[in-house]
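Asks: So the sequence shown is numbered by this note's numbering: it starts at 1 and just counts up by one.
Structure incoming, see below.
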Amino acid sequence: MNHFEYHGGILHAEDVPLPQIAEAVGTPVYVYSQATIERHARVFRSAVAGTGRGEPICAFAIKANPNLAVLHIMAREGFGADVVSGGELERAITAGMPPERIIFSGVGKTDAELALGLARGIGQFNIESEAEGLALAGIATARGQTANAVLRVNPDVDAQTHAKISTGKAENKFGVPIDQAHDIFARLTALPGLNLRGVALHIGSMIAELGPLEAAFKRIGALLVTLRAAGHNISHVDLGGGLGAPYKPDDVFPSPEDYGAMVRRVTSDWEVQLVFEPGRVIVANAGVLLTRVIRVKPGMSHPFVIVDAAMNDLARPAMYDAYHHFESVMAHSDSIIANIVGPICESSDTFAMERSCTQVEAGDLAVFRSAGAYGATMASTYNSRDMVPEVLVSGDKFAIVADRIAAATIMAAERVPDWI
Ligand code: LLP
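Dropping the structure here:
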């Protein structure tokens, strides 16, 4: 459910007609609905409430949408953060997320980032290799601290998602192989400076069925039994994120409630505190990318609808062949079949080929839906385009929550050395 609906033939974000935002801020622009973010946050938290021992930690995967306003909302909803860089860590702290609910994931944390995490007193490091565990233990010991950590295990399960966002197969770079996890755990747990308290996994993103997640969780359950049999103390398991969200109007995805029920079933005898790292499922459908049609030009069999948003603003179609529903802001009963493209000078700047969509003409406003996750955060200024701005709507109010950064401002940060 989301709060982007037509009222009187005009697409609104909550109570704000999208043309009003286009008028005030220009296009392209990301528009988020606060009510949708809050709703999804609450649905997820209540779906996993009561799983594991004590209340689970819900850590929003900041990479999905790191905008400070969004993070403030998530903090208010009781979420911590899953961060993967020093930059994300500082955002989480700035947004008021309690350090003890900050989880530091990532396969290549630098020594400086590990030290930053310790300095900020974060709740947990998800270690992705034996070498990283050694580094963390060394840095923590030198600082006179003990780092809470879990070992990320690669369960070798196919998440059946796009290859570029699959992370839990043996050939992926993430975690330690499950058949080595026991030995690595035993070696790391003996180190001073490290409180190795459990394991973590994350097998991929945009997962459309619960089967692969359940299979991976069961492998972790079996590992817990062997670790405990060897005398290790296991108090935490981080189940990662990955739950998909509907992008097409007729998509059917497992709900957070289905997911929570599966987790409850599989983990009922684990006796650990659980950690969840949802990203997409919270924010994907809480945002749209609002764009204006520049012109329509004939193509071989279908017209090209050329919009003022491009692959630099929304990279997902170019990177992962991702589907983003495209429709006009003014409701239209006529439909067309069109190729929807941006102005960038390469053919990968194509949002959709031969897409059936509502009738649009030059000057019309339109949206790409489900753009709240991995949208603005992956934007660039390729082709010397402006950095796309972001707007947050709440009821009948809206505010710019990230400025449009003009190409001229970006150029102003560049230098020509005096030898040229
Ligand atoms: N935890 C870890 C360790 C992750 O690597 C990720 C996502 C998440 C949690 C959150 O996963 P989610 O619940 O959002 O599926 N840019 C790609 C998605 C990359 C996901 C990377 N990791 C896209 O646009 O589809």
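From the three backbone atoms N, C-alpha and C, an ideal C-beta is built for every residue, glycine too.
In the DSSP assignment, what residue or residues form a beta bridge with M330?
Replies: Answer by DSSP bridge pairing, in chain order: I10.
Asks: With respect to the beta strand (DSSP E) encompassing D82, which residues constitute its N-terminal and C-terminal limits?
Replies: Counting along the chain, the beta strand (DSSP E) containing D82 begins and ends at 80-83.
Asks: For the beta strand (DSSP E) containing H202, name the first residue and the last one.
Replies: H202 -> no beta strand (DSSP E), and no H or E assigned at all.
Asks: So V157 is in the alpha helix (DSSP H); what residue range does that whole segment cover?
Replies: No alpha helix (DSSP H) holds V157; DSSP gives it neither H nor E.
Asks: Short of 6 Å in beta carbon distance, which residues of its chain neighbour A137, apart from the five on each side in sequence? Order them along the chain.
Replies: Same-chain partners within the cutoff: L191, G193, L194.
Asks: Ligand 1 heavy atoms versus the CB of I127: any closer than 8 Å?
Replies: No - ligand 1 has no heavy atom lying nearer than 8 Å to the Cβ of I127.
Asks: Mind checking which residues open and close the beta strand (DSSP E) that includes A284?
Replies: Looking at the DSSP string, A284 is not in any beta strand (DSSP E), and its letter there is neither H nor E.
Asks: Under three-state DSSP, which class holds T161?
Replies: In the structure shown, T161 sits in coil (DSSP, three-state: anything other than H, G, I, E or B).
Asks: So, helix, strand or coil for Q359, using DSSP?
Replies: In the structure shown, Q359 sits in coil (DSSP, three-state: anything other than H, G, I, E or B).
Asks: Helix or strand or just coil, what does DSSP make of F398?
Replies: Strand at F398.
Asks: If I measure Cβ to Cβ from P66 and keep anything under 7 Å in the same chain, skipping five residues before and after, which residues do I get?
Replies: Answer for P66: E88, R91, T377, listed in chain order.
Asks: With a CB to CB cut of under 8 Å and the five nearest residues on each side skipped, what residues in its chain are close to F44?
Replies: So the qualifying residues of the chain are C58, P256, F276, P278, V281, I282.
Asks: With distances taken from CA atoms, which of M387, G375, A24 is nearest D403?
Replies: Closest option to D403, Cα to Cα, is M387.
Asks: Thinking just about the alpha-carbon of each residue, which of S356, I405, V288 is nearest to the one in L392?
Replies: Answer by Cα proximity: V288.
Asks: In the DSSP assignment, what residue or residues form a beta bridge with D238?
Replies: Note: D238 sits in a beta bridge opposite A200, V275.
Asks: Less than 8 Å separating the Cβ of L243 from some heavy atom of ligand 1?
Replies: Yes, ligand 1 has a heavy atom inside 8 Å of this Cβ.
Asks: Determine the contact status of I220 and G242, defining contact as a CB-CB distance below 9 Å.
Replies: Contact: no.
Asks: Would V153 pass as a contact of A200 if the rule is Cβ separation under 9 Å?
Replies: Yes, the Cβ-Cβ distance between V153 and A200 is below 9 Å.
Asks: Within a Cβ cutoff of 7 Å, which residues of the same chain sit near A366, ignoring the five residues on either side of it in sequence?
Replies: Within the same chain, A366 has close Cβ partners T291, V293, V307, F326, E327, S328, V329, V360.
Asks: Verify the contact flag: A373, CB atom, against every heavy atom of ligand 1, threshold strictly below 8 Å.
Replies: The answer is yes for A373.
Asks: Decide if the region 62-77 is in contact with the region 33-49; the criterion is three or more beta carbon pairs, one per stretch, under 8 Å apart.
Replies: The region 62-77 is in contact with the region 33-49.
Asks: Drop a sphere of 10 angstroms on the beta-carbon of E132, count the other beta-carbons inside from all chains shown, and report buried for 16 or more, exposed for fewer.
Replies: Looking at its Cβ environment, which holds 16 or more other Cβ atoms inside 10 Å, E132 is buried.
Asks: Sort N312, W270, T350, P303 by Cα distance to I336 and report the nearest one.
Replies: I336 has its Cα closest to that of P303, out of N312, W270, T350, P303.
Asks: Quick one, are the C-beta atoms of N148 and R197 less than 9 Å apart?
Replies: Taking 9 Å as the Cβ cut-off, N148 and R197 qualify as a contacting pair.
Asks: I'd like the span of the beta strand (DSSP E) that includes V266, first residue to last.
Replies: First-last for V266: 256-267, but that is the alpha helix (DSSP H), not the beta strand (DSSP E).
Asks: Just to confirm, are S380 and A315 a CB contact at a threshold of 9 Å?
Replies: Taking 9 Å as the Cβ cut-off, S380 and A315 qualify as a contacting pair.
Asks: Pull up the CB-CB distance for G372 and A318, whole angstroms please, since I reckon it's below 8 Å.
Replies: Contact flag wrong, Cβ pair sits at about 18 Å.
Asks: Might you give, ordered along the chain, the residues of its own chain that have their beta carbon closer than 6 Å to the beta carbon of A81, omitting 5 neighbours on each side?
Replies: A59, F60, I62, A92, M97, I102, listed in sequence order.
Asks: Whole beta strand (DSSP E) runs in the region 23-79 with 3 or more residues, listed along the chain?
Replies: The region 23-79 contains these whole beta strand (DSSP E) runs: 29-33, 57-61.
Asks: Q273 and P56 - do their beta-carbons sit closer together than 9 Å?
Replies: Closer than 9 Å, so yes.
Asks: Looking at the C-beta of V329, does it have a partner C-beta in chain D at a distance below 9 Å?
Replies: Although the question refers to chain D, the structure presented lacks it and comprises just one protein chain.
Asks: Report yes if the C-beta distance between D158 and P177 is below 9 Å; otherwise report no.
Replies: No, the Cβ-Cβ distance between D158 and P177 is not below 9 Å.
Asks: Taking DSSP's pairing of strands, which residues face E445 in a bridge?
Replies: Since the first and last residues shown for the chain are 1 and 420, residue 445 lies out of range.
Asks: Does any heavy atom of ligand 2 sit closer than 8 Å to the C-beta of I400?
Replies: Of the ligands this structure carries, namely ligand 1, none is ligand 2.
Asks: By Cβ distance below 8 Å, which residues in the same chain neighbour E14 in space, the five residues on each side in sequence not counted?
Replies: Same-chain partners within the cutoff: H3, S33, Q34, A35, V393, S394, G395, D396.
Asks: Please determine whether the Cβ atom of R228 lies at a distance below 8 Å from any heavy atom of ligand 1.
Replies: No, since every heavy atom of ligand 1 falls outside the 8 Å radius drawn around the Cβ of R228.
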